[in-house]
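Numbering (full-length UniProt numbering), first residue to last: 1 to 754.
1) Residue ranges of each alpha helix (DSSP H) run of no fewer than 4 residues wholly in the segment 454 to 484, ordered along the chain?
2) Within the same chain, show all residues whose beta-carbon is closer than 7 angstroms to that of residue 542, passing over the 5 residues directly before and after it, in chain order.
3) Can we count residue 501 as close to the ligand MN, meaning its CB is less than 6 angstroms from some heavy atom?
4) Below 8 angstroms on the Cβ atoms is my guess for residue 581 versus residue 533; work out the distance and round it to an integer in Å.
5) Cα separation between residue 352 and residue 377?
6) Among the candidates 263, 383 and 267, whose CA atom is the shortest distance from the CA of residue 226?
7) Could you compute how far the alpha carbon of residue 261 sits from the alpha carbon of residue 540?
8) Would you decide whether residue 244 is buried or exposed? Buried here means 16 or more other CB atoms lie within 10 Å of its CB.
9) DSSP state of residue 572, grouped into three classes?
10) Starting from residue 722, follow the beta strand (DSSP E) in both directions and report where the run begins and ends.
11) When you compare only the Cα positions, how much space is there between residue 730 and residue 692?
12) Can you grab the Cα-Cα spacing for the pair residue 748 / residue 698, in whole Å?
13) For residue 598, which residues in the same chain have their Cβ closer than 7 angstroms to its Cβ, ignoring the five residues on either side in sequence?
14) In angstroms with no decimal places, state the Cα-to-Cα distance between residue 452 and residue 417.
15) Exposed or buried, what is residue 427 when buried is set at 16 or more other beta-carbons lying within 10 Å of its beta-carbon?
16) Could you pull the start and end residues of the beta strand (DSSP E) that residue 350 belongs to?
17) Please classify residue 650: does DSSP put it in a helix, a strand, or coil?
18) Let's test the definition: count the other Cβ atoms within 10 Å of the Cβ of residue 744 and tell me whether it reaches 16, buried, or not, exposed.
19) If you compare alpha carbons, which of 283, 216, 295 and 312 is closest to residue 239?
20) Which first and last residues belong to the alpha helix (DSSP H) in which residue 547 is found?
21) Less than 6 angstroms between C-beta atoms, sequence neighbours within five positions excluded: which residues of the same chain meet that for residue 415?
22) Among the candidates 577, 234, 289 and 624, whose CA atom is the shortest distance from the CA of residue 256?
23) On the three-state DSSP scale, how would you describe residue 580?
24) What residue range does the alpha helix (DSSP H) around residue 381 cover?
25) For residue 477, which option in 499, 461 and 445 has the closest C-alpha, if you only look at C-alpha atoms?
26) Since residue 708 and residue 640 should fall inside the 8 angstroms C-beta cutoff, what is the C-beta to C-beta distance between them, to a whole number of angstroms?
27) Rounded to a whole number of angstroms, what is the C-alpha to C-alpha distance between residue 393 and residue 717?
28) To the nearest whole angstrom, what separates the beta carbons of residue 325 and residue 431, a pair I think is in contact under 8 angstroms?
29) Can you look up residue 263 in the DSSP assignment and give me helix, strand or coil?
30) Which residue comes first and which comes last in the beta strand (DSSP E) that contains residue 674?
31) Below 6 angstroms CB to CB, which residues in the same chain sit around residue 117 once its five sequence neighbours on both sides are set aside?
32) If residue 269 and residue 192 are in contact, beta carbons under 8 angstroms, what's the gap, nearest whole angstrom?
33) Are three or more beta carbon pairs between the segment 565 to 579 and the segment 550 to 557 nearer than 8 angstroms?
34) Nearest CA to the CA of residue 648: which residue from 576, 714, 349 and 633?
35) Since residue 632 is in the alpha helix (DSSP H), which residue starts that stretch and which ends it?
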């Protein structure tokens, strides 16, 4: 017999089968790790094991029928060489090659799901609690004492656990998140951030539905927290509503790439007149939108509990993450007196795919090394302290009062001489956190103070000029009670804020909020009785419009005509700005109070559709608003400025500065200095004060940045000087009856001479 044939015949069938199985399993493990980074045996290996079993089944049948003796030596040699090549397949090759190879095969175009028995998922209602997870008391984790020799190891473990607990405190809080106590139910569940239905990262073309009641209730309206129009027949209603009420309806999201889905958040319909919400649903996933797999609870379909009313979001985390491109929510039951209507957010992490052009084109990356996470009240205070310690010469932390529950309202001042007002230097303020559920502004101001400190230290000339020529105040949380406890008691905070606004000679301010993409300017309340809303301009309307446009035009999204509206109104048509009363009237707003009772021109910036964005979205939100925040601060140097002095060169406090043609006056600060925001042009400006003469002059405002200097020197009137002398020497004015007598005598003398 040929030596090669003899050698091959000595290979038993069991040895050959074992060799084949080990080779396939090893290649399987490499391929799976290349796809999702998991180890062999994870949920992603199910399809591979099925494929391997089918291949081994084929080999077994062939070998059983023909036996090893029927193989030619050349065929067996080829089989062994093939297995050797398979066993030694190039591990050094790019892992993305395996991913693309696997996804291109039709037999693997199925969703990777592990059918594990899981406990039922309870209702998870929204609580924006910032209380961290309860720490395990020392000594209770393990009741047995450790030997002395392991004390050092135990200490190191405790230190690591403390760091982990500290990191958990700063963990993401979304408007869809459950309380930390609920999270302890299953700490091993993996959670991804929202994909972006609420923040509009997911566009309308990625949303589909089985049926639709009408256009205004189409799939494009099935976004979490979207708000409805005023009327039921509006094109912008507050949910997706199915055209029929039966269990065959579904709401679908196309992620446009493989995504690891970890959960779903649902709400009912936003409506003043209807009560519609879904009470339970199934979840299905697919890679081709034709073959769908339902998430299982053992051998049965997994049914998630949904909403009990229409506004509070309910979050459900999957027992096991699933990887797919498409995901469907299939309502199974709904409110008995309503219809199938939903607002949805999907939690998902995009799988790594460097060849995905869509992802690269829409990716926003920041280069700023800042603390991009949500901060509780305590963490906010600590971060402000860190900024102060980094830049002690240009920052100062102070508080303007206390909240209803006793929390201090901390502000940080950024100036080259913190703690004192410099003559001729305007004062600017940003405030945020007026509502407890609007944290985007709070985080943006915390990022802004970090950014300005770091850039000042690095020598950024633009930031240095701002710091040296402006006294900047940042108040990140006007309502810390609302953030900590998710309710609002703002009377105490409002009084503290008013006192602060009256004490500081602010020139310009911005109130940062969330939930829309627009800048509003006063008036915020209509002046016509009985009119709900309508244009209500101030005498400085042209200045306010410019200030609003300066922020909106430098924002990445506000003036983008191609962007989707957040809720019901397309503010991009108005360049991202609107008069407050034209949008919705609000009595007693901060903007109106500032304009009517102080020198400050204040506007409201609604800087994002999502009031409470996911932590992972903060870098993009920062990029959207960074330039706008800086540009708006620079507008404080537009217009005229100067000092009103007496003849001795002393500043006159509380003097009135008026501009001809504009029926809105401002007053000088304690040192006699003033600032008047004006658009480019020539103006007649008048300064007056009680007991002083009136002085007027023409002042020209140019187009270049920097306020025009316009000083005034005014003298005392004769009457005021007489009063001053009499008060000085304790003399009283002549009584009126004596003067009247003298006047009568003089008239009589004149009549007698005639």
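Even for Gly, the Cβ is constructed at its ideal location relative to N, Cα and C.
As the structure is a computational prediction, the values presented were derived from the model and not from experiment.
On the basis of the supplied data:
1) Runs of the alpha helix (DSSP H) inside the segment 454 to 484: 461 to 469.
2) Taking the first residue of the chain shown as position 1, residue 542 is located at position 542. If we look at residue 542 and ignore the five residues flanking it on each side, its Cβ neighbours are 679.
3) By its list of ligands, the structure shown contains no ligand whatsoever, and the ligand MN lies outside what it can speak to.
4) Along the chain shown, read from residue 1 onward, the residue named residue 581 stands at position 581. Along the chain shown, read from residue 1 onward, the residue named residue 533 stands at position 533. With a Cβ gap of about 6 angstroms, residue 581 and residue 533 count as contacting.
5) Within the chain shown, numbered from 1, the residue matching residue 352 stands at position 352. Within the chain shown, numbered from 1, the residue matching residue 377 stands at position 377. Each residue's Cα considered, the two are about 35 angstroms apart.
6) Position 226 of the chain shown, counted from the start, is the residue given in the question as residue 226. It is 267.
7) Within the chain shown, numbered from 1, the residue matching residue 261 stands at position 261. Within the chain shown, numbered from 1, the residue matching residue 540 stands at position 540. Roughly 51 angstroms between the two C-alpha positions.
8) One-based indexing of the chain shown puts residue 244 at position 244. Looking at its Cβ environment, which holds fewer than 16 other Cβ atoms inside 10 Å, residue 244 is exposed.
9) Counted from its first residue, the chain shown places residue 572 at position 572. In this structure, residue 572 counts as helix in the three-state DSSP scheme.
10) Here residue 722 corresponds to residue number 722 of the chain shown, with the count starting at 1. Taken as a continuous stretch (DSSP letters only), residue 722 belongs to no beta strand (DSSP E), being part of the alpha helix (DSSP H) at 718 to 728.
11) Reading the chain shown from its first residue, position 730 is the one you call residue 730. Reading the chain shown from its first residue, position 692 is the one you call residue 692. Each residue's alpha carbon lies about 22 angstroms from the other.
12) As a first step, residue 748 is located in the chain shown; it is residue number 748 there, counting from the start. As a first step, residue 698 is located in the chain shown; it is residue number 698 there, counting from the start. About 51 angstroms.
13) Numbered from its first residue, the chain shown carries residue 598 at position 598. Within the same chain, residue 598 has close Cβ partners 501, 502 and 506.
14) Residue 452 sits at position 452 when you count from the first residue of the chain shown. Residue 417 sits at position 417 when you count from the first residue of the chain shown. Taking the straight line from one Cα to the other gives about 15 angstroms.
15) The residue you call residue 427 lines up with position 427 of the chain shown. Label assigned to residue 427: buried.
16) Taking the chain shown and counting its residues from 1, the one referred to as residue 350 is at position 350. Unbroken beta strand (DSSP E) run through residue 350: 341 to 350.
17) By 1-based counting over the chain shown, the position of residue 650 is 650. It is coil, neither helix nor strand.
18) In the chain shown, counting from the first residue as 1, residue 744 sits at position 744. Burial call: exposed.
19) Here residue 239 refers to the residue found at position 239 of the chain shown. Ranking 283, 216, 295 and 312 by Cα distance to residue 239 puts 216 first.
20) The residue labelled residue 547 in the question sits at position 547 within the chain shown. According to the DSSP assignment, residue 547 belongs to the alpha helix (DSSP H) that extends over 541 to 552.
21) Start at 1 with the first residue of the chain shown, and residue 415 comes out as number 415. Correct list, in chain order: 471.
22) Along the chain shown, one-based indexing puts residue 256 at 256. Measuring from the Cα of residue 256, the nearest candidate turns out to be 289.
23) By 1-based counting over the chain shown, the position of residue 580 is 580. Helix.
24) Translated into positions along the chain shown, residue 381 becomes position 381. Start and end: 377 to 390.
25) The sequence position of residue 477 within the chain shown is 477, counting from 1. Distance from the Cα of residue 477 is smallest, within the candidate group 499, 461 and 445, for 445.
26) Residue 708 sits at position 708 when you count from the first residue of the chain shown. Residue 640 sits at position 640 when you count from the first residue of the chain shown. Contact holds; Cβ gap of about 5 angstroms.
27) As a position in the chain shown, residue 393 is number 393, starting the count at 1. As a position in the chain shown, residue 717 is number 717, starting the count at 1. So the alpha carbons of these two residues sit roughly 45 angstroms apart.
28) Translated into positions along the chain shown, residue 325 becomes position 325. Translated into positions along the chain shown, residue 431 becomes position 431. Wrong, their Cβ atoms sit about 43 angstroms apart, outside the cutoff.
29) Start at 1 with the first residue of the chain shown, and residue 263 comes out as number 263. Residue 263: strand per DSSP, three-state reduction.
30) Translated into positions along the chain shown, residue 674 becomes position 674. Residue 674 -> beta strand (DSSP E) spans 673 to 676.
31) Translated into the one-based positions of the chain shown, residue 117 becomes position 117. Since pLDDT at residue 117 reaches only 35, below the 50 mark, its modelled position is unreliable, and the value read off the structure follows with that caveat. Closer than 6 angstroms at the Cβ level, and outside the excluded window around residue 117, lie 298.
32) As a first step, residue 269 is located in the chain shown; it is residue number 269 there, counting from the start. As a first step, residue 192 is located in the chain shown; it is residue number 192 there, counting from the start. The Cβ separation is near 26 angstroms, so there is no contact.
33) Contact between the segment 565 to 579 and the segment 550 to 557 is present: 3 or more CB-CB pairs across the two stretches fall below 8 angstroms.
34) In the chain shown, the residue the question calls residue 648 occupies position 648. Residue 648 has its Cα closest to that of 714, out of 576, 714, 349 and 633.
35) By 1-based counting over the chain shown, the position of residue 632 is 632. Run containing residue 632: 618 to 634, per the alpha helix (DSSP H) assignment.
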